[in-house]
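Residue numbers (UniProt numbering): 1 to 193. Here the structure is laid out as structure tokens; the discussion comes afterwards.
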Amino acid sequence: MRENKGIAIVIGVVVALVLIVGVVFAVRQSVGNDAGPAAAEGHDSHHHHHEDPLSPQHADPQTVATNAMSMIFSWQPARDRSGWEALNRAGQADLLTGVLAKAATTEPTPLPRPAAEWAAWSRSGDTLTAAATAESAPSINGTTATVDVRIRQVVLHPDGGSTPYKTSAAEVTLEKDASGTWRAANYRIEETR
């Protein structure tokens with residue numbers, strides 16, 4: 001039980017750090033961007049501008065890859081019929097492009113078969129949260145990048161306890177659009193334990 005609480009604390013810290021880094025990045029990107037009409041009139045444009053820390057705008061390939069994988073592998077079995085709905089949420093967050101974006105827009109028929117534990121998780125109100133971390137610097141070739149990511153999934157129980165589920169290694173392929181925004185285009189799970 002103590003080990004589960006320790007893992008939950010570590011995952012909580014990782015998620016908090018990702019959000020803090022995202023917010024700091026968003027704030028740093030908006031500082032000095034007061035070239036609009038509000039700035040010319042002497043108004044503080046920061047009060048009218050809010051950036052989503054999960055947005056791929058101005059984010060590097062590692063950040064986009066880890067945000068996308070965290071979202072894709074975070075499941076809500078009591079609400080979701082399958083893991084596809086997590087993919088759909090990542091698509092709605094504008095983190096995806098190419099085949100991943102296409103897969104996220106149309107619910108497949110039949111739905112992908114969920115994990116064997118899905119029904120039990122649903123009955124007990126468990127959720128799965130994923131914390132993804134970049135394992136290396138991105139390999140960038142023009143408008144394509146690959147990032148090696150480690151995905152750690154933990155089952156969070158309604159009583160506050162947690163149980164480690166899976167740790168997976170994935171290679172995420174990203175594409176940069178004409179505006180310079182990176183989005184996840186595909187991924188391949190390389191190992192799971």
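All residues carry an ideal CB built from backbone N, CA and C; glycine is no exception. Predicted model only: the values in this text are computed from it and were never measured.
Under the 10 Å beta carbon count, D159 is surrounded by fewer than 16 other beta carbons and is classified as exposed. Distance from the CA of A134 to the CA of V64, rounded to the nearest whole angstrom, comes to 10 Å. Approximately 14 Å separates the beta-carbon atoms of P164 and W121; this is outside 8 Å, ruling out the contact. Under DSSP, no beta-bridge partner is assigned to W121.
In this structure, the beta-carbon distance from T167 to R152 falls below 7 Å. For A185, the closest of T106, T143 and A169 by C-alpha to C-alpha distance is T143. Taking 7 Å as the cut-off, the Cβ atoms of L156 and T192 do not count as close.
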